[in-house]
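Chemist: Protein chains in written order, with the working numbering: chain A, 285 to 544; chain B, 4 to 329; chain C, 15 to 288.
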Amino acid sequence: MRKYVRVFAFAARDQIVYMPAFLFRNIFFVVILFTFFSLWRVIFAGRAALSGFTMVQLLWYLTFTETIELSKSRSLFGIQEEVKDGTVAVTLSRPYSYVLYHLMRALGESYVKMIPMLVVGFLLATLFVGPLPGYLAALPCGIVVIALGLLITNLWLIVINLLSFWSEETMPYYWIVQKLIFILGGLFIPIDLFPQWLSGIARMLPFAFSAYWPSVTMVSFSIETFLTALGGAVFYALALGGLAAFLYGRGKRRICAQGG
Amino acid sequence: METVLSVSNLTKTFRVVEKRPGFRSALRSLFAPSYREVRAVDGISFSVERGEILAFLGPNGAGKSTTIKLITGILFPTSGGIEVFGMNPHKKRRALAYRIGTVFGQKSQLWYHLPPLDSLRLLGDIYDIDPREAERRIETLAETFEIRPYLRTPVRKLSLGERIRCEIAASLLHKPEILFLDEPTIGLDVIAKQIIRDLIRRINEEDHTTIFLTSHDAGDIEKLCRRAIVINHGKIVWDDTIKTMKYSFLRRKVIDLKLESPLDLASEGVEILKAKGYSAKIEVDLSKVELDEVIGRIMRNNKVADITISNPPMEEIISMIYRGER
Amino acid sequence: MRRGADAAGSLHTGRSAARLFSHYVRFNLGAGMEYRVSFITQVVGMFLNNSAFIVFWLVLYSNLGDINGYAFGDVMFLWALSALGFGLAGVFLGNATHLSRTICTGELDVYLLQPKPALINFLLSRMSISAWGDIAYGILLYAFTQPLDPVRAGLFVLFSLLMAFVLVSLRVFYHSTTFFLGNAEEFAATASDLVLSFALYPGSIFEGPVLLILHSLIPAALIAYIPVRLVHSFDPVTMLLLLAGDGAVMLAAWGAFRLGLRRYESGNRMGTRL
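1) Name the chain B residues whose beta carbon is nearer than 9 Å to that of A145(C)?
2) In chain order, what residues of the same chain have a beta carbon less than 6 Å from the beta carbon of I258(B), not counting five sequence neighbours either side?
3) Does any C-beta atom of chain C lie closer than 8 Å to the C-beta of F107(B)?
4) Given this structure, state the Cα-to-Cα distance separating G405(A) from G469(A), to the nearest angstrom.
5) For the region 179 to 186 of chain C against the region 203 to 213 of chain C, are there 3 or more C-beta pairs whose distance is under 8 Å?
6) Using a Cβ cut-off of 8 Å (strictly closer), state whether N77(C) contacts chain A.
7) What is the DSSP secondary structure of A103(C), counted as helix, strand or coil?
8) Assuming T347(A) and A295(A) are in contact, meaning their beta carbons sit under 8 Å apart, how far apart are those beta carbons, in whole angstroms?
9) Could you spell out the range, first to last residue, of the alpha helix (DSSP H) harbouring K284(B)?
10) Along chain C, in chain order, which residues have C-beta atoms closer than 7 Å to that of E452(A)?
11) Quick check: the Cα distance between G526(A) and L387(A), rounded to an integer number of angstroms?
12) Kindly list the residues whose CB is nearer than 6 Å to the CB of A234(C), restricted to its own chain and excluding five residues on each side of it in sequence; keep chain order.
13) Quick check on DSSP: helix, strand or coil for T111(C)?
14) Just the C-alpha distance for K196(B) and T188(B), rounded to the nearest angstrom, thanks.
15) In terms of residues, what are the limits of the alpha helix (DSSP H) holding W71(C)?
16) Write down the C-beta distance between R333(B) and V287(B) rounded to the nearest angstrom, noting that I regard them as a contact closer than 8 Å.
17) Taking 8 Å as the threshold (C-beta atoms), are S218(C) and G83(C) in contact?
18) Could you check what DSSP says for T509(A) in three-state terms: helix, strand or coil?
19) Among the candidates F337(A), L402(A), R331(A), S359(A), whose CA atom is the shortest distance from the CA of F292(A)?
20) Which residue wins for smallest C-alpha separation from G392(A), given the options S357(A), Q364(A), V367(A), L411(A)?
21) On the three-state DSSP scale, how would you describe R287(C)?
22) With three or more C-beta pairs closer than 8 Å as the rule, is the region 135 to 153 of chain B touching the region 168 to 185 of chain B?
23) Quick check: is the beta carbon of T252(C) nearer than 8 Å to any beta carbon in chain A?
24) Hey, is D80(C)'s beta-carbon within less than 8 Å of any beta-carbon in chain B?
25) Can you name, in chain order, every residue of its own chain whose Cβ lies under 7 Å from the Cβ of H93(B), other than the five neighbours on each side?
26) Tell me whether M303(A) is buried or exposed, calling it buried when 16 or more other Cβ atoms sit within 10 Å of its Cβ.
27) Could you tell me which residues DSSP puts in a beta bridge with T371(A)?
28) What number of angstroms, rounded off, separates the C-alpha of I103(B) from the C-alpha of L126(B)?
29) Among T69(B), K246(B), E86(B), whose alpha-carbon lies nearest the alpha-carbon of P282(C)?
30) Is the beta carbon of N42(C) less than 8 Å from the beta carbon of M141(C)?
31) Between L182(B) and the rest of its own chain, which residues show a CB-CB distance below 6 Å, the 5 nearest in sequence each way excluded?
32) If you follow the beta strand (DSSP E) that E52(B) is part of, which residue opens it and which one closes it?
33) Does DSSP put A292(B) in a helix, in a strand, or in coil?
34) Could you run through the region 91 to 107 of chain C and flag, in chain order, every residue whose CB is less than 8 Å away from some CB of chain A?
35) Going by C-alpha distance, which of L260(B), L289(B), Y38(B), L294(B) is nearest A278(B)?
36) Output, in chain order, the set of chain A residues within a Cβ distance shorter than 8 Å of A202(C).
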């Protein structure tokens, strides 16, 4: 177990050192958030709330969904590179779990990215719309669900990259999952604003746990919300983790059968 | 004899900015730079006649690549003059491009995922060659370079030797009058090297193409080139024929002996490189002793079963030149 | 067969330029088709990728009437325009995004040593396959969401072309900083596509100093918002100003590249010497 923790720490340290990427990521974050703010300010003119969301809640909601999206690991795309050029064969005989190794690396990267982004998001949102009522109260539970949301997103990336054992192009799968998270998962709009027939389903899909649930836990906290978010997140994390392990096992067999 | 290239008192100085990692310090350096001057090429002069095969040698960092880039117009000089076909290469780079060809190791003109044939056809357009004429030339090149079997295979699937042949063929499509080659045989096996050398010699003989070759490979220099220019620390330290280099520069001979008893030889100017059992290898310094005297002494004091007299390897000659020895 | 600069006529130059362009396009398409399945997946994938946002706007607009004068149709116009513009830029001048990399690896030399203008030669030599998906999407989205009107369609194509040129110019401009500062790839990638983050939203939501920026440094207004205004009510003065603005951006890019190239040719580069 210790070796995985070390991988995590290593990836984390790596992130801290690399300044330019940090800058660009956060600049992009500011721009996106500003655009959202400009949009929703106009939409909310003359209304107090939309489907139970005030403008304040909505903008803060978006800071959390974007934080998760922008903190996801980029290094995971290395998996498909490894598979494509065959260097993955080297790792087959190593004494650790391939999936777990990459997951820990991804999380080290993600959690370090996430922290300054939460701070930046806090400052920006406060600047644009003012403070979020109940922020501090929601934070402890919210952070857990956000962390799980990042876990799930990274697991998706691992699963998609593992598909490169079978498919030459994995980018299209990535785009599809990303868009499902963006739209169905409530990254751009809280699921509460969806038409009735859609919102029920969308809430239960795994995509919602990468965006909607962590963010709604923060902006309109309640124990029920938290428990639903937690439960679903754990469930999907295990499911995706299992899928990843399964795919790797199959993929490994494929490589061994074909001789690399 | 027509001079195709002449360089006079060419100097190139770089201001190398002290680089510290990171985008921000790069930004800072832009406004308050701290730099040092490096004189990569220091007042060199030489000229090349049409049809020569010239080796351009020097250790890494000597100024070789810089000189080539100056001659081909990629860089402009700090001072001094260059004329290629009477033109200033930097000012007339595009006009010159029609008349020179280049094969630079790491930078390929061939698209990696496509067959060489496609790249050749594209190059035909780039060099404004009439499409039908281009097809004819591709056919001829395929024949000469024996690359017809690979013309339709993606470049990434070719071996290094096959790829280099295609690269050189591509560089000749527009019938350049000078061909610049940078380390063309590096990484190749002995047979492949010989094939490339033969091809280059053939181009030179048949089309009178001037060849300007940089190489670290002694075999290239010895077997292909007729003249060598050696550059070190930005200055030319040697400019003469290979023949002269081999015979007059180095006054040493290496003698391999197979004897019927251990070697008995004591002589000034003779260094025993290896003496084990009944075989020996010695090096004779001809500035200190005459060759026939040494051979005489060997024959008098030993029973010689076999004797071979040869010149020191080219590598050694070259490194001596680099070191500035005479 | 030609040798050296041809004084015989610009007709010849024009014809050879056209032939080179078409050759590059066929060549790049051929390179893309090498992997047929990959080609299709990329195009279809990008198409679906773009389509997702329609849902977003549908959901949004189901809750409201218009957004400061922008109707649903207007937002769809923005998307169609941006998709087509972005797609054209990626298909025909797709190498712009690789400029930093090319400078750093010294591969730029290959283009300098060929008898064609380096920048154009460089830009033409790569095609983004997924950008075909953007083109398809842009055209189809336009066809499905915009009123049938040949003038409007004509303007749409024109504005898309202009957007493509501006996008490429922004990329060339920002990537040219690599000549001076070393590998600025990430910076340039972020900066040059930043304009799209704005161009995909109704211009009417922005005001004040931000709007000023959007008319200059991040020319989203230039490539997107003003075109929307012009298709609603065309006005030759605004059109001329738009063309002038686009021209200025392209000039700036070309200038930045030339300055950078001069620096490159001096050999005084940051970091590793040749």
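Cβ coordinates follow ideal geometry from the N, Cα and C atoms, glycine included.
Modeler: Let's see:
1) Ordered by position in chain B, no residue passes the 9 Å Cβ test against A145(C), which lies about 18 Å from the chain.
2) I285, I312
3) Yes, its Cβ sits closer than 8 Å to a Cβ of chain C.
4) Rounded to whole angstroms, the gap between the alpha carbons of G405(A) and G469(A) is 20 Å.
5) yes
6) yes
7) helix
8) Between A295(A) and T347(A) the Cβ distance is about 24 Å, and since that is not below 8 Å, they are no contact.
9) Not the alpha helix (DSSP H): K284(B) falls in the beta strand (DSSP E), residues 282 to 288.
10) Y49, V51, S52
11) 13 Å
12) Counting only residues of its own chain and dropping the five nearest sequence neighbours on each side, A234(C) has a CB closer than 6 Å to the CB of V209, F212, A213, L228.
13) helix
14) 6 Å
15) 50 to 76
16) As displayed, chain B neither begins before 4 nor continues past 329, which places residue 333(B) out of reach and without an answer.
17) Going by C-beta atoms, G83(C) is nearer than 8 Å to S218(C).
18) helix
19) The shortest C-alpha separation from F292(A) is found at S359(A).
20) Nearest neighbour of G392(A) by Cα position, chosen from S357(A), Q364(A), V367(A), L411(A), turns out to be S357(A).
21) Residue confidence for R287(C) is low, a pLDDT of 38 falling below 50, so the modelled location carries little weight; the figure read from the coordinates is stated next. Three-state DSSP puts R287(C) in coil, outside helix and strand.
22) yes
23) no
24) no
25) G76, F79
26) exposed
27) The partner list for T371(A) (beta bridge, DSSP) is empty, contrary to what the question assumes.
28) 14 Å
29) Checking the sequence shown, residue 282(C) turns out to be Asn, not Pro. When only C-alpha atoms are compared, the closest one is T69(B).
30) yes
31) Once the five neighbours on either side are set aside, the close Cβ partners of L182(B) are G104, T212, I214.
32) 38 to 52
33) Position check: residue 292(B) holds Val in this sequence, whereas Ala was assumed. In this structure, V292(B) counts as coil in the three-state DSSP scheme.
34) none
35) Ranking L260(B), L289(B), Y38(B), L294(B) by Cα distance to A278(B) puts L260(B) first.
36) In chain order: nothing, as chain A lies at least about 10 Å away.
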